[in-house]
Amino acid sequence: MTFASGRHFLQIPGPTNVPDRILRAIDRPTIDHRGPDFARMTKRLLEEIKFLFKTEGPVVIFPGSGTGAWEAAMVNTLSPGDRVLMAETGQFAVLWSNLARRMGLEVDLIPGDWRRPADIDAIEAKLAEDRDHSIKAVAFTHNETSAGTTSDVAGVRRALDRTGHPALLMVDTISSLASIDYRHDEWQVDVCVGGSQKGLMLPPGLSFNAVSEKALAASRTASLPRAYWDWEATLAANRDGSFPYTPATNLLYGLDEALAMLREEGLDNVFARHARLAEATRAAVRAWGLEMQCVDPDGVSNTVTAVRVPEGFDADALRALILDRYDMSLGAGLGKVKGKVFRIGHLGSFNDLMLMGTLCGVEMGLAATGIGTRTSGVAAAMDMLTEPAQRMAAQ
Ligand SMILES: *Cc1c(COP(=O)(O)O)cnc(C)c1O
0 MTFASGRHFL
10 QIPGPTNVPD
20 RILRAIDRPT
30 IDHRGPDFAR
40 MTKRLLEEIK
50 FLFKTEGPVV
60 IFPGSGTGAW
70 EAAMVNTLSP
80 GDRVLMAETG
90 QFAVLWSNLA
100 RRMGLEVDLI
110 PGDWRRPADI
120 DAIEAKLAED
130 RDHSIKAVAF
140 THNETSAGTT
150 SDVAGVRRAL
160 DRTGHPALLM
170 VDTISSLASI
180 DYRHDEWQVD
190 VCVGGSQKGL
200 MLPPGLSFNA
210 VSEKALAASR
220 TASLPRAYWD
230 WEATLAANRD
240 GSFPYTPATN
250 LLYGLDEALA
260 MLREEGLDNV
270 FARHARLAEA
280 TRAAVRAWGL
290 EMQCVDPDGV
300 SNTVTAVRVP
310 EGFDADALRA
320 LILDRYDMSL
330 GAGLGKVKGK
340 VFRIGHLGSF
350 NDLMLMGTLC
360 GVEMGLAATG
370 IGTRTSGVAA
380 AMDMLTEPAQ
390 RMAAQ
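Residue numbers (numbering that gives the first Met the number 0): 0 to 394.
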């Protein structure tokens, strides 16, 4: 192992770079999670976190990874054998659907080629066919991190409304929360699944469910077994600022700081920054002459860009070389696109020069592996980032 000087570039699409402000906030003594100081902080955090989801309703915070919040969404609202309609946008959709099956649910997974967002017409057709309302929930990923696609949550809401279908709407925002606009109440989502380690700029270890009135009502009759992930126990304890078991105290300090940072920047500015840096990333990919995994220009993600390597090349070898020579981690191709795709994470605590460094690392790696580039993606991205009109638009 050669000594790596300077900062490691962590450009996977989560966990993302944790800013120093948040690291400093976490680096404080752990306090009594049943004491008055902790209760005050919790009560405040539970109110303040709502703006992230654009909701007035409760947000349940779990010490756990995003997968736990997936499970929580289902076990709190559904009963054995209930039908769940899902859309195969990529590996995370597949993993969530596998989890649902293992919980004893009957999953109807609309097949997809992992190259475009959820097909709203297909969802609407399934809902329209389902006259006896056997589908109890529609669940999909807002941002499919494995494919670099973003689905239209409002569009799925409209499909439910047009068909007059009462199914619950569940959305995984783990890689879109605090980076791509998400409106829990306006879009009438029933359960939102979130995680700490992506747009929120925190280390892994917290996950979230934003919960609607309708989902809470469903939880009163749902009969899937639940213990650790039980909303009711958490919501009851939260009333006096506590949790039913030991919370991740220091991560909550970090969450407090992350929310402060997001408020200071302003959510709309956060979204605009992600959109602009994503656009520059896509300009680089086009200049390189490489193909994006996402083939739908309306469905490209503003937090992660998945890039296909040409036939005959191995994306994992490219990633290994970039890690070895330039100390930068890029996202791997997951599941069926392993070795075919590498992913550039451009979310969370991230700015113009971090993107330029990232793109330089990729471009040098492409040269070194012999994949090569048609023209300089770095130059194309730089052009875009220095264009005055673009700069004005982002302000
Ligand atoms: C990262 C991610 C997950 C998985 O979360 P874990 O914290 O690894 O359990 C789920 N869904 C999406 C869309 C993700 O990006």
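C-beta: ideal position from N, C-alpha, C; glycine also.
Beta-carbon contacts of residue i that lie in its chain and below 6 Å, excluding the five residues immediately before and after
i    : result
V152 : H141, V170 and W186
W69  : W95, L98 and V192
K125 : L84
S348 : N16, P18 and M200
T304 : G147, T280 and I343
A274 : N301
For residue i, the residue or residues it bridges with in DSSP
i    : result
S328 : L9
R342 : A305 and G330
N142 : T149
L84  : D107 and V137
M291 : V306
V299 : T148
Residue i CB to nearest heavy atom of ligand 1 below 7 Å
i    : result
Q292 : no
I173 : yes
G65  : yes
K335 : no
G194 : yes
P309 : no
P116 : no
K197 : yes
E143 : yes
F413 : Residue 413 falls outside the range modelled here, since the chain spans only 0 to 394, and no answer is possible.
F91  : yes
G13  : yes
G140 : The question names Gly, but residue 140 is Thr in the sequence shown. T140: yes, Cβ under 7 Å from ligand 1.
P79  : no
P62  : no
P224 : no
P202 : no
N-terminal and C-terminal residue of the beta strand (DSSP E) that residue i is part of
i    : result
L167 : L167 to D171
S206 : L205 to V210
V58  : V58 to P62
Extent of the continuous alpha helix (DSSP H) run through residue i
i    : result
G194 : Where G194 is concerned, there is no enclosing alpha helix (DSSP H), although the beta strand (DSSP E) it sits in stretches over V190 to G194.
I25  : D19 to I25
F52  : K49 to F52
F91  : Q90 to R101
T1   : Counting along the chain, T1 falls outside any alpha helix (DSSP H), and DSSP gives it neither H nor E.
A380 : G376 to T385
W69  : G65 to V74
Sequence-distant residues of the same chain with beta carbon closer than 8 Å to residue i, five excluded per side
i    : result
P224 : V74
F270 : S178, I179, D180 and N301
A316 : T368
P243 : D229, A232, T233, A235 and A236
Contacting residues, own chain, Cβ-Cβ under 7 Å from residue i (five flanking each side not counted)
i    : result
S44  : Checking the sequence, you will find Leu at residue 44 rather than Ser. Here the set comprises L251, L254 and D255.
A3   : D326
L396 : This structure does not reach residue 396, given that the chain is present from 0 up to 394, and the question cannot be answered.
A314 : V308, G332, G338, K339, V340 and F341
A127 : T162
For residue i, the three-state DSSP class (helix, strand or coil)
i    : result
P202 : coil
F37  : helix
A117 : coil
A226 : coil
R157 : helix
T357 : helix
F270 : helix
N237 : helix
L258 : helix
Y244 : coil
S218 : helix
Y252 : helix
L320 : helix
D129 : coil
T162 : coil
A177 : coil
R281 : helix
Cβ of residue i within 8 Å of any chain B Cβ
i    : result
Y325 : Structure shown: chain B not included; a single protein chain is present.
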